Amino acid sequence: MSREIRAPRGTTLNTKGWLQEAVLRCLMNNLDPEVAENPDELIV
30 MSREIRAPRG
40 TTLNTKGWLQ
50 EAVLRCLMNN
60 LDPEVAENPD
70 ELIV
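Okay, so the sequence shown: first residue is 30 according to my numbering, each after it adds one.
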């Protein structure tokens, strides 16, 4: 079972603050197929 993860875009927060949002988006960008060079190996 494989899930496709997409990093959020825009100014809407998914966390309590921008510091937490920055960390979340960095991690999610590693898995986003539109951003990552090789998401299966976590290469951005």
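Heads up, the beta-carbon is just placed ideally off N, CA and C, and yes, glycines get one too.
Owing to the predicted nature of the structure, the values given are computational and were not obtained by experimental measurement.
From the DSSP output, read off the bridge partner residues of residue i.
i, result
"Ile72", "Asn67"
Would you identify the three-state DSSP class for residue i, choosing helix, strand or coil?
i, result
"Asn43", "coil"
"Arg54", "helix"
Is the beta carbon of residue i less than 9 Å from the beta carbon of residue j?
i, j, result
"Arg32", "Pro62", "no"
"Asn43", "Glu50", "yes"
"Leu53", "Pro37", "yes"
"Ala65", "Leu56", "no"
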